[in-house]
């Protein structure tokens, strides 16, 4: 099934992509804050955007652009200012940012997609951004993916990246991705962003459809605190530089590419959930037996989003009642006499009736999964309290080893398995526990 | 508009109702745990129940009963065991409880509605309950409303009750209510319950319709942690003992009664939100200018339920960005250029653009509202750490004064006003802040 392998390089792993990340002075902390991803040739471009009624200028810009155009050459992303709730001036700043990058790259206008993350209500520091662009462009490199991953974070504790390789038509095809997001740790510090690159040749409609379906199984199935941001956006470029036959219709090649794209998105989504504010573990909810995949996914998300379930996991409490309660209120019908709940290997409820189980052992399971995952996470932490140091300079691990550790950090979720009947529907969601630190991070802001 | 006055006595304020609350030994703490409300004559009965797929036996029992019957004589409620996820035996226990009360009251079977609250997965201690019924029945009194209010709480810090009086056809008509609920403070300790009594004469369909609409504006507009319980239920009895002309069709009398019913439900709902686990204040979100009342209510609820907004209020942070973000993701369309947000008297955003405001003063407003409300709450706290002491015995206030203090505790919400356009729709929701104590209460359970 998993017909691929992890490779190093994130968004620059696929052929024909270069990236860079620099400190342009947008963040007060002096941390990297400006990233650029460039395809050497015109790339098929697809996007998925926040459904919020309150949207940042960059979201409107990209949505409008991709309605009239199915390709792009680059993605420019700034951290520090979200450029949301900034009115007409915000849109002018967004356009100026995109045009500055296009000009420096020698590309026509409307070749560059843009994204912003940071404080809502603050305009991009446009002068600093424009001054930084020459350095950014001259720093572009086929090894620059990890620098870009670092330059898009805000208060994330770790960077999020992955690259996978498979064979299509006897040639290697790669998909790489980077993401950021950890809830809204700082005041107004919003945004989940993800950028995916691919060197397969694929038709625009197929690429957009694949991305939408992959999003439904990944980013749309994670929850940290239920708050959708003004800036959420996922952009994906496919440039065909692998020189594999173009994928233009459904079939085994398309399925293979979509499976790998989905895996990249799931890895990035899980990375975001694991780095949720104050989180001590990743929680995975797998639902089976529902009437449809959609219904199963909905139940999984409701459980993943339950503050009571999240608090119980933080307290290492195998509290099946809260899981049953959250499943029941998910808004999708099932017979409670068919409800079963397991936590790891412990069956807590079957046929709607609680079973006796070893509470101490089940509690230990919760503790152990958190410890295993945290051990790997500790090796990935950005290296200063302000997260302002350069990741690459202080990192003694190889990029590939780092990817493997990142996979390890996600390999020990608290697994909650829920059966709701004998239907064909199944779905998975991911979340994290709710700790004192969540409240601390979000409340302790001196006005 | 508010054509009524507060009177003492909660559910026994309306004519022809008696109530009692005793310690039957269902709770380990020795606190009151069994309540009974009885109408002297057959009363029109209406109910609103949890929409969860995982329901307690008592919910199924009452729903089935009220499908075949539009009247009842009594409501029996036990605290300590939720009787949810207890299978067929749970239903047998529920029937036995109802029948025992009916027998002791000399009533036919199916005259008594039942409700349970407490630990999910635990059956009612049926022997203790049945042994307690004679004492419960002999304790019935027209002053027993407050005792009943005390016997239905679980980990609530205060009881919730109200009674209002108005004139219909030149005669006084009263509606009284009691409620319990504070989130799921204890492990699996679920449930919002509310019981309303009324001495007006009203037709069954009208009473059910009124109750449904009142619920939509009250209990369905509060949120503590987003978790709907297995036992949520609101039961309302109207016995006609005021001897006012029967209200059988829409008209001024029906409107007056419904307005008072809605006010009773809103008071009880706000009381539950204010007593939300770990809460330090009540938050009221008022939305105007939406396309419909429904859309406005949805936006209000989304903001009230946002963990980020709740954390910010706890941190006394006038964080308009989080409010805008939550409003935007509520799932109802509006133009962000028409969004306005006020906090108390401070306008934070207008026409989609943030305004300069005095952050320190706005933060002080948050602090002050919490302090005012907490001062009143402190006078209402149940009087031992286990909340096991008898409320009435230790209470030096008169029941009416107590009602006035309870109203005072709700009179200083943190008020967030949101405009989303020029539509006719308006709606209000209530919630509470998210504090360290929420996590503490829900995580610190030794398995």
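Protein chains in written order, with this note's numbering: chain A, 1 to 447; chain B, 1001 to 1447. C-beta: ideal position from N, C-alpha, C; glycine also.
Test: residue i CB closer than 7 Å to a CB of chain B
| i | result |
| --- | --- |
| residue 329/A | yes |
| residue 85/A | yes |
| residue 53/A | yes |
| residue 439/A | yes |
| residue 347/A | no |
| residue 193/A | no |
| residue 234/A | no |
| residue 364/A | no |
| residue 116/A | no |
| residue 181/A | no |
| residue 120/A | yes |
| residue 374/A | no |
| residue 453/A | A query on residue 453/A cannot be resolved here, the shown segment of chain A reaching from 1 to 447 and no further. |
| residue 278/A | no |
Nearest candidate by alpha-carbon position, reference residue i, set the options
| i | options | result |
| --- | --- | --- |
| residue 1142/B | 1070/B, 1264/B and 1039/B | 1039/B |
| residue 1231/B | 1052/B, 1429/B and 1279/B | 1052/B |
| residue 1198/B | 1045/B, 1294/B, 1421/B and 1408/B | 1045/B |
| residue 304/A | 294/A, 273/A, 331/A and 289/A | 273/A |
| residue 244/A | 222/A, 315/A, 314/A and 170/A | 170/A |
| residue 1013/B | 1056/B, 1077/B and 1195/B | 1195/B |
| residue 1048/B | 1382/B, 1430/B and 1233/B | 1233/B |
| residue 1086/B | 155/A, 270/A, 43/A and 338/A | 338/A |
| residue 1328/B | 1420/B, 1263/B, 1415/B and 1319/B | 1420/B |
| residue 1081/B | 1122/B, 1271/B, 1075/B and 1206/B | 1122/B |
| residue 1160/B | 1061/B, 1381/B and 1062/B | 1381/B |
| residue 1115/B | 1136/B, 1367/B and 1037/B | 1037/B |
| residue 1222/B | 1158/B, 1297/B, 1374/B and 1291/B | 1297/B |
| residue 43/A | 100/A, 351/A, 200/A and 3/A | 200/A |
| residue 957/B | 1426/B, 1050/B, 1078/B and 1164/B | This structure cannot settle anything about residue 957/B, because the visible part of chain B is limited to 1001 through 1447. |
CB contact below 7 Å: residue i versus chain A
| i | result |
| --- | --- |
| residue 1436/B | yes |
| residue 1324/B | yes |
| residue 1063/B | no |
| residue 1442/B | yes |
| residue 1197/B | no |
| residue 1230/B | yes |
| residue 1353/B | yes |
| residue 1333/B | yes |
| residue 1336/B | yes |
| residue 1423/B | no |
| residue 1139/B | no |
| residue 1080/B | no |
| residue 1321/B | yes |
| residue 1222/B | no |
| residue 1049/B | no |
| residue 1090/B | no |
Classification of residue i by the beta-carbon crowding that lies within 10 angstroms, buried from 16 upward
| i | result |
| --- | --- |
| residue 67/A | exposed |
| residue 391/A | Confidence in residue 391/A is poor, its pLDDT being 44 and thus under 50, which makes the residue's placement unreliable; the coordinate value appears in the next sentence. Per the 10 Å Cβ criterion, buried. |
| residue 400/A | exposed |
| residue 1032/B | buried |
| residue 1331/B | exposed |
| residue 1387/B | Unreliable placement is indicated for residue 1387/B, whose pLDDT of 43 sits below 50; no coordinate value is reported for it. |
| residue 1069/B | exposed |
| residue 218/A | buried |
Residue i to residue j span [Cα, whole Å]
| i | j | result |
| --- | --- | --- |
| residue 140/A | residue 29/A | 23 Å |
| residue 94/A | residue 211/A | 24 Å |
| residue 1098/B | residue 321/A | 25 Å |
| residue 316/A | residue 433/A | 10 Å |
| residue 418/A | residue 336/A | 12 Å |
| residue 1265/B | residue 1023/B | 27 Å |
| residue 389/A | residue 152/A | In this predicted model, residue 389/A has a pLDDT of only 42, less than 50, meaning its place in the structure is not dependable; the value taken from the coordinates is given anyway. Roughly 14 Å separates the two Cα atoms. |
| residue 1189/B | residue 324/A | Because residue 1189/B sits at a pLDDT of 48, beneath the cut-off of 50, its placement in the model cannot be relied upon, and the point is left open. |
| residue 424/A | residue 347/A | 21 Å |
| residue 1372/B | residue 1308/B | 23 Å |
Minimum Cβ-Cβ distance from residue i to chain E less than 7 Å
| i | result |
| --- | --- |
| residue 1308/B | Chain labels in this structure do not include chain E; the protein chains are A and B. |
Enumerated in chain order, which unbroken segments of the alpha helix (DSSP H) with a length of 4 residues or greater are wholly contained in the stretch 69 to 110 of chain A?
As far as the stretch 69 to 110 of chain A is concerned, its whole alpha helix (DSSP H) runs of at least 4 residues are 87 to 104.
Runs of beta strand (DSSP E) lying entirely within the stretch 1192 to 1229 of chain B, each at least 3 residues, in chain order:
Those beta strand (DSSP E) runs which fall completely within the stretch 1192 to 1229 of chain B and span 3+ residues are 1193 to 1198.
Output the residue ranges of the alpha helix (DSSP H) runs that lie fully inside the stretch 1228 to 1285 of chain B and measure 4 residues or longer, sorted by chain position.
The qualifying runs are 1252 to 1274.
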